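These notes are about the structure you will find just below.
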Amino acid sequence: MGSSTQRLDIEEVGDVTIAKFIDKKILDENNIQIIGNQLFALVDEDARAKIILDFSNVEYLSSAALGKLITMEKKVKAAKGKLRLACIRPEIYEVFAITKLNRLFKIYEDNERALDGF
Amino acid sequence: MTWIEEFQVRIPSSTTEGQKVQERIITRLEELGFPARGVFGVRLALEEALVNAIKHGNGLDPNKQVQVACQISSEKVRIVIEDEGSGFRPQDVPDPTEDENLEKPCGRGIMLMRAFLSVVEYNERGNRVILEKHRNDDGSPLLS
Numbered sequence: 066m067g068s069s070t071q072r073l074d075i076e077e078v079g080d081v082t083i084a085k086f087i088d089k090k091i092l093d094e095n096n097i098q099i100i101g102n103q104l105f106a107l108v109d110e111d112a113r114a115k116i117i118l119d120f121s122n123v124e125y126l127s128s129a130a131l132g133k134l135i136t137m138e139k140k141v142k143a144a145k146g147k148l149r150l151a152c153i154r155p156e157i158y159e160v161f162a163i164t165k166l167n168r169l170f171k172i173y174e175d176n177e178r179a180l181d182g183f
Numbered sequence: 165m166t167w168i169e170e171f172q173v174r175i176p177s178s179t180t181e182g183q184k185v186q187e188r189i190i191t192r193l194e195e196l197g198f199p200a201r202g203v204f205g206v207r208l209a210l211e212e213a214l215v216n217a218i219k220h221g222n223g224l225d226p227n228k229q230v231q232v233a234c235q236i237s238s239e240k241v242r243i244v245i246e247d248e249g250s251g252f253r254p255q256d257v258p259d260p261t262e263d264e265n266l267e268k269p270c271g272r273g274i275m276l277m278r279a280f281l282s283v284v285e286y287n288e289r290g291n292r293v294i295l296e297k298h299r300n301d302d303g304s305p306l307l308s
């Protein structure tokens, strides 16, 4: 996979993987497909068990992107891992709250808090 | 109502073309000083409505088109999106917050449109949606 198609910045802190979205807008269908595949590979190929998704760059998110996040949550759970979401700006948090997905995901203010006790 | 901006375009059933129209409308709203919160909601709703029209309405059929009409006044933006599909009944879309529907993106898209916009109305056939965002409507969608 070429670096130009890389949509996630990966950082490892101990046994925790922090995957930071590079895109500001997770709207475009093709983009969402690529981002979804890269997210799923963290579990399916790399067998990472503790994952934090860092949303600090994300300004827009569509319902199709939410679908991918839900699949990701299921995958992580099926692999007995844990997924945490962090650095979500207020407008984006609203998207989670309206769709009640704030109940499905564990959401933290920043990476530090997400790492705490992970 | 005096419209500052008014245009109508027909686009092929391609999400790339949908993105271009979306960008045109958003850029114009920003130029006209539409509040940032409102612009956020309009972009989100446009994305959902255009994808619905292109993918679900027209089924990505290259022989079918989507008509987009946009009107902007000092008070509001009004966008009408019509596809050539057979339409749908919004009330038949399953509740996206139910567990068994979590993977289905359509219901969630409509839910977000309704939350972020002032008006979301479908015609009877369900192949045309009217979207409006009023400039002074910047209340939290969660409280409305």
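Residue numbers (this note's numbering), protein chains in the order written: chain U, 66 to 183; chain R, 165 to 308.
Glycine is no exception: its CB is placed at the ideal position from the N, C-alpha and C atoms.
Computed from a prediction, not measured in an experiment: that's the story for all the values here.
Does any C-beta atom of chain U lie closer than 8 Å to the C-beta of residue i?
i      : result
L214/R : no
F252/R : no
L386/R : The structure shown does not extend to residue 386/R, since chain R is modelled only from 165 through 308, so no value can be given for it.
Just the chain C side, please: which residues come within less than 8 Å of residue i by C-beta, in chain order?
i     : result
T82/U : Among the chains of the structure shown, chain C does not appear; the protein chains present are U and R.
Would you please verify whether the beta carbon of residue i is less than 8 Å from any beta carbon of chain R?
i      : result
L118/U : no
V160/U : yes
I153/U : no
K89/U  : no
L92/U  : yes
E156/U : yes
Using a Cβ-Cβ cut-off of 6 Å (strictly less than) and excluding sequence neighbours within five positions of residue i, which residues of its own chain qualify?
i      : result
C234/R : F171, I189, I243
G79/U  : none
F170/U : L150
I75/U  : A84
G146/U : A114
P258/R : N265, G271
K228/R : S177, N222, E248
Please work out which residues of its chain come closer than 8 Å, Cβ to Cβ, to residue i, disregarding the five sequence neighbours upstream and downstream, and give them in chain order.
i      : result
T136/U : G101, F105
Q71/U  : I87, Q103
D175/U : A151, C152
Identify whether residue i lies in helix, strand or coil by the three-state DSSP scheme.
i      : result
L150/U : strand
A233/R : strand
A144/U : coil
F198/R : coil
I274/R : helix
K240/R : strand
P176/R : strand
T70/U  : helix
V203/R : helix
F171/R : strand
E212/R : helix
V293/R : strand
L180/U : helix
L193/R : helix
E138/U : helix
E248/R : coil
Can you tell me where the alpha helix (DSSP H) holding residue i begins and where it ends?
i      : result
I97/U  : 94-109
V123/U : Careful: V123/U lies outside any alpha helix (DSSP H) and carries neither H nor E.
I163/U : 155-163
R289/R : Run containing R289/R: none; DSSP gives neither H nor E here.
For residue i, which residues of its own chain have a beta-carbon under 7 Å away from its beta-carbon, when the five flanking residues on both sides are left out?
i      : result
T179/R : V215, I218
E288/R : none
I157/U : F120, V123, L126
A130/U : I91, I97
Along the chain, where does the beta strand (DSSP E) that runs through residue i open and close?
i      : result
A84/U  : 81-86
K228/R : Run containing K228/R: none; DSSP gives neither H nor E here.
K219/R : First-last for K219/R: undefined, no H or E at that position.
K171/U : 171-173
> Quick one, which residues of the region 170-186 of chain R are near chain U if we go by CB-CB under 7 Å, in chain order?
Replying inline: T179, Q183
> At a Cβ cut of 7 Å, what residues of the region 101-131 of chain U count as close to chain R, listed as they run along the chain?
Replying inline: Y125, S127, S128, A129, L131
> In the region 194-218 of chain R, which residues sit with their C-beta less than 8 Å from some C-beta in chain U, listed in chain order?
Replying inline: R201, F204, R207, L208, E211, E212, V215
>> Can you pull out the residues from the region 162-175 of chain U whose beta carbon lies closer than 8 Å to at least one beta carbon of chain R?
In response: A162, I163, T164, K165, L169
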